[in-house]
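4 protein chains.
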Amino acid sequence: MTETGPSRIQSEKRAAILGAALEVFAAEGFRGATLDRIAGEAGLSKPNLLYYFPSKEEVHEALLSGLLDLWLAPLRRIDPDGEPMAELLGYVRRKLALSRSHPRESRLFANEILQGAPRIGPTLSGALRDLVEEKAQAIAAWAETGAIAPVDPRHLIISVWALTQHYADFDVQVRAVLGRDDPLDGAEAHLEMLFERLLAPRA
Amino acid sequence: MTETGPSRIQSEKRAAILGAALEVFAAEGFRGATLDRIAGEAGLSKPNLLYYFPSKEEVHEALLSGLLDLWLAPLRRIDPDGEPMAELLGYVRRKLALSRSHPRESRLFANEILQGAPRIGPTLSGALRDLVEEKAQAIAAWAETGAIAPVDPRHLIISVWALTQHYADFDVQVRAVLGRDDPLDGAEAHLEMLFERLLAPRA
Amino acid sequence: MTETGPSRIQSEKRAAILGAALEVFAAEGFRGATLDRIAGEAGLSKPNLLYYFPSKEEVHEALLSGLLDLWLAPLRRIDPDGEPMAELLGYVRRKLALSRSHPRESRLFANEILQGAPRIGPTLSGALRDLVEEKAQAIAAWAETGAIAPVDPRHLIISVWALTQHYADFDVQVRAVLGRDDPLDGAEAHLEMLFERLLAPRA
Amino acid sequence: MTETGPSRIQSEKRAAILGAALEVFAAEGFRGATLDRIAGEAGLSKPNLLYYFPSKEEVHEALLSGLLDLWLAPLRRIDPDGEPMAELLGYVRRKLALSRSHPRESRLFANEILQGAPRIGPTLSGALRDLVEEKAQAIAAWAETGAIAPVDPRHLIISVWALTQHYADFDVQVRAVLGRDDPLDGAEAHLEMLFERLLAPRA
DNA sequence: AATGAATGAGCCTTCATTCAT
DNA sequence: TATGAATGAAGGCTCATTCAT
Chain A
1 MTETGPSRIQ SEKRAAILGA ALEVFAAEGF RGATLDRIAG EAGLSKPNLL YYFPSKEEVH
61 EALLSGLLDL WLAPLRRIDP DGEPMAELLG YVRRKLALSR SHPRESRLFA NEILQGAPRI
121 GPTLSGALRD LVEEKAQAIA AWAETGAIAP VDPRHLIISV WALTQHYADF DVQVRAVLGR
181 DDPLDGAEAH LEMLFERLLA PRA
Chain B
1 MTETGPSRIQ SEKRAAILGA ALEVFAAEGF RGATLDRIAG EAGLSKPNLL YYFPSKEEVH
61 EALLSGLLDL WLAPLRRIDP DGEPMAELLG YVRRKLALSR SHPRESRLFA NEILQGAPRI
121 GPTLSGALRD LVEEKAQAIA AWAETGAIAP VDPRHLIISV WALTQHYADF DVQVRAVLGR
181 DDPLDGAEAH LEMLFERLLA PRA
Chain C
1 MTETGPSRIQ SEKRAAILGA ALEVFAAEGF RGATLDRIAG EAGLSKPNLL YYFPSKEEVH
61 EALLSGLLDL WLAPLRRIDP DGEPMAELLG YVRRKLALSR SHPRESRLFA NEILQGAPRI
121 GPTLSGALRD LVEEKAQAIA AWAETGAIAP VDPRHLIISV WALTQHYADF DVQVRAVLGR
181 DDPLDGAEAH LEMLFERLLA PRA
Chain D
1 MTETGPSRIQ SEKRAAILGA ALEVFAAEGF RGATLDRIAG EAGLSKPNLL YYFPSKEEVH
61 EALLSGLLDL WLAPLRRIDP DGEPMAELLG YVRRKLALSR SHPRESRLFA NEILQGAPRI
121 GPTLSGALRD LVEEKAQAIA AWAETGAIAP VDPRHLIISV WALTQHYADF DVQVRAVLGR
181 DDPLDGAEAH LEMLFERLLA PRA
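Residue numbers (full-length UniProt numbering), protein chains in the order written: chain A, 1 to 203; chain B, 1 to 203; chain C, 1 to 203; chain D, 1 to 203.
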């Protein structure tokens with residue numbers, strides 16, 4: 001009757017650990033991160049951390065497992081039956097917003113890919129590829145009707161990824177160029193213009 | 001006459017070490033790389049490696065120190081007195097070519113930035129920023145004359161970086177989407193079109 | 001009237017723990033055994049186990065303390081006034097039966113002795129030695145009357161131990177030689193013959 | 001031309017480590033033994049030990065790998081064409097001598113078997129079983145000619161193992177019974193008599 | 001110029017034990 | 001009684017670095 005799921009303290013601690021781990025893994029990479037630092041930042045001892053997760057590897061996996069879903073959500077929301085230009089610019093906006101609200105997730109992902117995707121490689125060739133293929137067909141259809149300019153849909157999607165994530169992943173460099181306190185509003189305007197011009201059908 | 005600089009064997013070994021180190025650092029990150037692996041791939045013993053470089057840190061630094069120069073060369077070649085459109089598209093082409101011919105350097109750089117640029121941070125705010133500022137002014141001047149569309153020059157440069165480097169740094173992901181054997185020629189065409197449309201002055 | 005000794009549940013749990021501990025200590029040795037495994041096999045939690053026994057050490061000791069009594073029972077039953085040959089062969093039979101019915105106890109004991117008897121050393125030099133001495137005199141007396149062949153009684157007893165326990169302690173090796181499914185009946189016949197011939201008085 | 005095998009210092013250190021490891025593994029079992037103690041007893045640091053052997057497991061294996069050969073040497077020397085009684089009694093004598101000169105090896109072996117032979121199990125069912133089978137046939141042949149009493153040859157061999165090894169493995173207990181300073185000469189006489197009577201053909 | 005040998009510091013993980021409930 | 005949570009101490013192993021040759 002009283003099926004008890006993970007107790008409150010369980011979920012709170014697990015959440016605290018994952019938060020700290022996200023911070024550390026994103027900043028230092030998998031090998032660079034130490035359980036000591038993660039535990040410290042989560043406010044518990046190292047063996048206590050291992051009471052909640054069986055190993056460093058599994059903490060990392062717990063972070064990655066949800067990540068791709070989060071990451072692809074903006075793409076998933078593209079509606080083949082919507083208004084093409086609005087759908088695509090909306091996608092760009094959502095993806096940029098996500099990158100800016102979740103920079104640590106972005107860097108965690110970047111780290112994983114940079115190292116050759118040892119852990120989520122299969123998912124890339126599976127779920128990711130499938131989703132891209134699906135959306136690419138919608139975009140291609142739009143291009144054929146002349147609603148948008150003819151572009152390679154897959155490279156278009158890759159461009160969105162590259163441009164939006166760069167602001168999160170290469171933040172230090174961006175800041176060095178733009179100045180410490182730039183609100184990055186220029187980025188949004190710039191990307192919007194960029195994709196508008198790229199996609200605008202010829203007059 | 002008998003002033004002896006570094007003997008040939010010296011420089012050869014140093015070069016071999018740096019080559020191996022580039023491979024390993026790019027693939028595994030700084031902490032993930034081990035001197036053992038670098039030494040092994042360079043074909044010498046670990047203590048011998050440390051005879052040529054005093055520490056792991058310094059091997060890494062030796063790689064990074066030359067890197068920014070290489071990395072900024074395409075940008076540097078933009079000629080304020082040249083034909084605007086040709087200059088900028090030439091820049092894009094050169095930068096993409098560089099990323100594709102030097103993917104390991106690209107990843108090494110990406111790793112460093114992702115970790116917060118602990119080693120080349122100062123250079124970013126110095127030399128890098130200065131160069132960008134200089135070229136940005138030239139681009140801004142072009143925009144004012146109407147030779148190109150009005151764009152934020154700094155975000156333009158950032159876009160070039162993002163789009164070109166992405167193909168090197170996120171290779172695994174790109175391959176997952178495009179297929180293992182895609183020659184990536186589509187990337188070049190796509191980027192050229194992208195920047196052409198972005199920069200083309202209004203009719 | 002209401003003096004309450006250990007409640008039934010108390011003794012039942014203690015018994016369950018000791019049963020599981022016997023299994024685990026016999027199979028893995030003292031250091032190899034973990035409270036986790038013992039608790040798991042006893043069907044309770046680790047802290048709960050430590051509610052019944054204050055420490056791993058004491059679980060082990062509880063097992064050992066009763067063990068020597070059990071182990072020496074067959075020897076104790078030798079009757080100085082009985083028929084010599086029957087008494088001794090009966091002893092051999094009882095000891096072999098015990099080893100076969102209690103292989104885990106045998107291995108627990110073997111482990112303890114192998115490690116130098118850190119816990120029951122004193123008992124060996126005390127109770128064990130005394131009992132052996134007592135029975136040795138009886139055997140010596142039999143030898144003097146010519147009822148059995150003249151043998152060193154202490155080495156005789158040691159031989160019984162060695163031969164009977166070996167079948168329990170070295171079971172894997174015995175099985176490797178005799179085959180997985182040998183019922184070990186041959187052992188009984190063999191040992192009986194061995195001691196019969198050893199002890200039969202000269203014609 | 002100058003094919004160099006392991007340098008002298010290599011073999012010396014390896015030998016020292018194996019010596020110390022034999023001591024510790026025999027006394028504490030695999031899990032009970034610590035690299036710290038082995039290294040300490042061998043006179044070097046723990047990482048230095050791991051410079052010579054890649055892991056604790058491999059130190060252990062290095063000890064075990066040669067052990068069975070040593071252990072079976074006495075059995076192997078039984079000559080089917082020799083004088084039966086002399087061959088068998090010689091075997092007993094050699095095996096007892098070996099157990100007494102190599103008590104640590106004996107205990108190392110006992111530990112391994114007690115734990116279920118996790119590492120040399122296959123060898124037991126292979127090389128060991130084959131050798132026993134071979135010698136058992138020779139013994140059976142002797143029994144058939146009447147040169148020795150009819151005994152189960154495999155149980156005979158097991159008896160030799162049990163009786164000889166017991167003096168090494170259960171040394172503490174034997175000493176508790178016989179006295180700290182007994183030279184154990186009685187053991188030799190006893191075993192000789194035991195097997196003589198067991199094997200002597202009926203008059 | 002090169003390498004075998006050595007080590008201190010640190011890392012991930014295990015485990016007996018304690019604490020709070 | 002019973003257990004979820006926590007921890008200190010240790011254990012095996014890695015690795016950058018040093019030393020001696």
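No residue lacks a Cβ here, since even glycine has one placed at the ideal position from N, Cα and C.
Same chain only: Cβ atoms within 7 Å of residue i, ignoring 5 sequence neighbours per side
i: residue 163 of chain B; result: 191
i: residue 150 of chain C; result: 143
i: residue 29 of chain D; result: 111
i: residue 14 of chain B; result: 52
Residue i versus residue j: straight-line alpha-carbon distance, rounded
i: residue 58 of chain D; j: residue 24 of chain D; result: 15 Å
i: residue 168 of chain D; j: residue 103 of chain D; result: 5 Å
i: residue 43 of chain B; j: residue 38 of chain A; result: 37 Å
i: residue 2 of chain D; j: residue 7 of chain B; result: Here residue 2 of chain D scores only 46 on pLDDT, less than 50, and its place in the model is too uncertain to base an answer on.
i: residue 108 of chain D; j: residue 26 of chain D; result: 4 Å
i: residue 146 of chain C; j: residue 201 of chain C; result: 6 Å
i: residue 85 of chain B; j: residue 99 of chain B; result: 21 Å
i: residue 210 of chain C; j: residue 116 of chain C; result: Because chain C here runs from 1 to 203, residue 210 of chain C falls outside it and cannot be looked at.
i: residue 179 of chain A; j: residue 126 of chain B; result: 12 Å
i: residue 123 of chain B; j: residue 177 of chain A; result: 11 Å
i: residue 72 of chain B; j: residue 89 of chain B; result: 16 Å
i: residue 61 of chain A; j: residue 53 of chain B; result: 36 Å
i: residue 9 of chain A; j: residue 48 of chain A; result: 13 Å
i: residue 130 of chain A; j: residue 187 of chain B; result: 20 Å
Any chain D beta carbon closer than 8 Å to residue i
i: residue 107 of chain C; result: yes
i: residue 137 of chain C; result: no
i: residue 48 of chain C; result: no
i: residue 102 of chain C; result: no
i: residue 99 of chain C; result: no
Element boundaries [alpha helix (DSSP H), containing residue i]
i: residue 164 of chain B; result: 153-169
i: residue 69 of chain C; result: 56-76
i: residue 103 of chain B; result: 103-114
i: residue 40 of chain D; result: 35-42
i: residue 126 of chain B; result: Note, residue 126 of chain B: premise wrong, no alpha helix (DSSP H); not H, not E.
i: residue 11 of chain D; result: 8-32
i: residue 195 of chain D; result: 185-199
i: residue 47 of chain A; result: 46-52
Cβ shell of residue i (< 8 Å), same chain only, five flanking positions each side left out
i: residue 194 of chain B; result: 163
i: residue 46 of chain D; result: 35, 36 and 39
i: residue 22 of chain D; result: 63, 104, 105 and 108
Any chain A beta carbon closer than 8 Å to residue i
i: residue 170 of chain B; result: yes
i: residue 192 of chain B; result: no
i: residue 159 of chain B; result: yes
i: residue 177 of chain B; result: yes
i: residue 186 of chain B; result: yes
i: residue 174 of chain B; result: yes
i: residue 76 of chain B; result: no
Close Cβ partners of residue i (< 6 Å) along its chain, the five nearest in sequence each way excluded
i: residue 16 of chain B; result: 42
i: residue 153 of chain A; result: 136, 139 and 140
i: residue 56 of chain A; result: 35
i: residue 78 of chain D; result: 87, 91 and 135
is_contact[residue i, chain C] using C-beta, thresh 8 Å
i: residue 114 of chain D; result: yes
i: residue 29 of chain D; result: yes
Closer than 8 Å to chain B by CB, residue i
i: residue 147 of chain A; result: no
i: residue 152 of chain A; result: yes
i: residue 141 of chain A; result: no
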